[in-house]
Amino acid sequence: MIYFDYEEAQEYIQEIYKGQDVPREQEFIENSTTQDFDPIIEDEMARLFRLLLRLTNAKKVLEIGTSIGFSTTHLAMAVKENGGKVISLELDEDVARAARLNFERLGVSESIEIVIGNAEHTIKDFEDEAFDVVFQDSSKRVYPKMLDECLRVLKKGGLFLIDDTLFPVITPKDEWTVSDEAIDDFNRMLLEKRLISTILPIGEGCTLAVKT
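Using our numbering, the first residue of the sequence shown is number -17, and each one after it goes up by one.
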């Protein structure tokens, strides 16, 4: 097996893609009106999501956990040309307000709707198989509890994207928190569902799954 320095690889990838005219993680954070928010996805994951959504011609996307809107912006960029829309569920009104300002600044507001409230409840307002893509990036503790609802609203053949699924590897097992345990449970629960899935070691872990 060939081993390489992950951080060095990241620096190389960033250098390769630095000329692309797309929002970048660090710049997005610096330009946001609040610094009190949950972590956002990395640049490489944003590129992957744009690619996947374009490949699948996705139009209706559900995001669970808006934060300051970095991932939301990239999802919207991918569906905008198809006349698509991203619905994003966010608990914190102040963070959502900062996200909306980012959307306006980047010209994607018309392709995004934020729903304020506890995602465990607001997701129940959507019909079965309403979305082409579901992206789960909310509180890690609720991943297992929300799994069935995420799959209910996802169309057959739809993409299920999940962030932070390598938390159990990043933290030594004897130091696991409730979030680490929840993610470990969630990863194993996915195997029992009608999904084709894989975990990619990018960022803090990204699971890609297709509902069969």
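Cβ coordinates follow ideal geometry from the N, Cα and C atoms, glycine included.
Taking the alpha-carbon positions, what's the L34 to Q2 distance?
Roughly 17 Å separates the two Cα atoms.
Specify the secondary structure class of A40 as computed by DSSP and reduced to three states.
Three-state result, A40: coil.
A(-9): which of V116, I184, E63, I11 sits nearest, CA to CA?
Closest option to A(-9), Cα to Cα, is I184.
The beta strand (DSSP E) that contains D145, what's its start and end?
Per DSSP, D145 belongs to the beta strand (DSSP E) from 136 to 145.
Specify the secondary structure class of S53 as computed by DSSP and reduced to three states.
Three-state DSSP puts S53 in a helix.
Check whether the Cβ atoms of L141 and V115 sit closer than 8 Å, and answer yes or no.
Closer than 8 Å, so yes.
Tell me the DSSP bridge mates of C188?
Paired residue(s): D145, L182.
Which residue marks the beginning of the alpha helix (DSSP H) containing Q(-5), and which one marks its end?
Residue identity check: residue -5 is Ile in the sequence provided, not Gln. Looking at the DSSP string, the run of the alpha helix (DSSP H) that includes I(-5) is -12 to -1.
Please tell me whether A80 and T15 are closer than 8 Å, where the distance is taken between their beta carbons.
In this structure, T15 lies closer than 8 Å to A80 by Cβ.
Is the CB-CB distance between V77 and F19 below 8 Å?
Yes, these two residues count as a Cβ contact at 8 Å.
Apply the 10 Å Cβ neighbour rule to H103 and answer buried if 16 or more other Cβ atoms are within range, or exposed otherwise.
Burial call: exposed.
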